[in-house]
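Inspection log for the structure reproduced underneath, given as structure tokens.
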Amino acid sequence: MKLPLSNLTGLAMLALSGVHAQAETPRQILDSYVAQAGAASATRGETLFRGQFSGGRIARACTACHTDDARAMGQHVKTGKVIDPLAPVAQKDRFTDPAKVEKWFRRNCNEVLGRECTPQEKADFTAYMITLK
Amino acid sequence: MANIRLRADRYGIDWKNLLTLAVAVGAAVLWIARAPASDEALFPMPVGKTYLNECGSCHTAYAPGHLPARSWRRMMAELSDHFGEDASLDQPAHLSILKDLETLAADNPAANQRMRRIAAGVPAGATPQRITETAYFRHLHDEVPKHFWRRKSIGNPANCAACHPRANEGRYGEREIRIPAQ
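Going down the list, the protein sequences come from chains R and Y.
Just so you know, we're using my numbering here: the first sequence kicks off at 234 and counts up by one.
Just so you know, we're using my numbering here: the second sequence kicks off at 215 and counts up by one.
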């Protein structure tokens with residue numbers, strides 16, 4: 234029987250590797266949505282951000298949790314937790330981890346629209362977030 | 215000496231392992247020495263960022279010691295409809311979080327006194343999904359006036375971090391409580 238120290242090292246390395254998901258710039262993430270969808274429109278993105286919908290079960294609008302100003306702190310409607318701003322200008326790690334961005338588009342679009350967002354909607358939304366200064 | 219060598223060989227201990235062990239024990243002793251009074255409300259938290267990132271994004275990253283393992287097992291099996299939200303995880307994250315929750319649950323064998331009290335307060339047949347509905351939580355917070363919970367920056371009793379600023383580190387000690395004024 235060997236002391237399980239090597240296991241611990243392995244675990245630590247696993248934990249470290251998990252932190253480094255593919256880091257990209259918001260621009261690269263936008264480009265990959267544009268490649269799937271076509272040209273992005275920040276104006277349409279803002280319309281999606283401010284739109285009122287009825288398909289979802291959790292909230293009627295993105296602004297319910299992210300507030301009217303994506304550069305401001307948000308607050309989760311159900312749990313009360315504060316949410317960091319969505320716009321990269323106010324929160325530098327936003328739109329830098331493609332898997333994270335995809336995960337939250339899937340969750341939040343389902344919660345608000347009752348369906349997933351299309352690549353076009355994701356491109357537009359990302360473009361709007363990037364243009365905020 | 216021969217005896218020691220024999221046993222060391224049998225357990226596959228080499229000097230590198232021993233050194234690591236010594237450092238670990240040293241760190242543990244230091245940690246214990248620095249820890250405040252034994253009944254301070256401290257709960258062990260999962261190591262690494264996975265739990266914080268996945269279970270601390272929509273709300274406080276609750277200390278696993280607030281519910282028994284069977285509650286966490288049921289919750290983890292129903293993540294795609296988690297209080298109406300989709301909190302589902304990819305398999306590696308799912309497995310590692312489930313393991314952390316089980317290891318640090320209120321009824322785990324190494325639980326501290328406070329966690330054991332929490333576990334004892336949950337009826338044998340029950341698998342509560344809300345910390346805020348456990349007898350222990352209610353008892354601790356029965357002096358907090360009802361209207362506090364609805365203040366804008368609190369919103370909900372489950373927003374532990376609003377009043378316990380270091381809740382994500384498992385720290386709920388009375389001295390650190392800050393109730394927001396609005």
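Ideal placement from N, C-alpha and C gives every residue a C-beta, glycine not left out.
At which residues does the alpha helix (DSSP H) containing residue i begin and terminate?
i              : result
residue 265(R) : 259 to 270
residue 310(Y) : 305 to 318
residue 357(R) : 352 to 364
residue 284(Y) : 283 to 291
residue 331(Y) : 327 to 334
Does the distance from the C-beta atom of residue i to that of residue j stay below 8 Å?
i              : j              : result
residue 360(R) : residue 263(R) : yes
residue 282(R) : residue 268(R) : no
residue 274(Y) : residue 370(Y) : no
residue 310(R) : residue 292(R) : yes
residue 334(Y) : residue 281(Y) : no
residue 337(Y) : residue 285(Y) : no
residue 289(R) : residue 345(R) : yes
residue 312(R) : residue 272(Y) : yes
residue 328(R) : residue 259(R) : yes
residue 311(Y) : residue 268(Y) : yes
Check whether chain R comes within 8 Å of residue i, counting only Cβ atoms and requiring the distance to be less than that.
i              : result
residue 273(Y) : yes
residue 300(Y) : yes
residue 326(Y) : no
residue 395(Y) : no
residue 217(Y) : Reliability of the predicted coordinates at residue 217(Y) is poor, the pLDDT of 42 falling under 50, and no value is obtained from them.
residue 370(Y) : yes
residue 320(Y) : no
residue 375(Y) : yes
residue 240(Y) : With a pLDDT of only 45 at residue 240(Y), under 50, the local geometry of the prediction cannot be trusted, and no value is derived from it.
For residue i, would you say it is in contact with chain Y, using Cβ-to-Cβ distances shorter than 8 Å as the test?
i              : result
residue 349(R) : no
residue 262(R) : no
residue 314(R) : yes
residue 317(R) : no
residue 271(R) : no
residue 327(R) : no
residue 362(R) : no
residue 309(R) : yes
residue 257(R) : no
residue 335(R) : no
residue 283(R) : no
Report buried or exposed for residue i, applying the criterion of at least 16 other Cβ atoms within 10 angstroms of its Cβ.
i              : result
residue 240(R) : With a pLDDT of only 48 at residue 240(R), under the threshold of 50, the placement of this residue in the model should not be trusted, and no figure is reported.
residue 323(Y) : exposed
residue 348(R) : exposed
residue 283(Y) : buried
residue 372(Y) : buried
residue 306(R) : exposed
residue 356(R) : buried
residue 345(Y) : buried
residue 299(Y) : buried
Per DSSP, residue i forms a beta bridge with which residues?
i              : result
residue 315(R) : 308(R)
residue 299(Y) : 296(Y)
residue 385(Y) : 256(Y)
Check whether the Cβ of residue i lies closer than 7 Å to any heavy atom of the ligand SAM, and answer yes or no.
i              : result
residue 330(R) : The model depicted lacks the ligand SAM and carries no ligand whatsoever.
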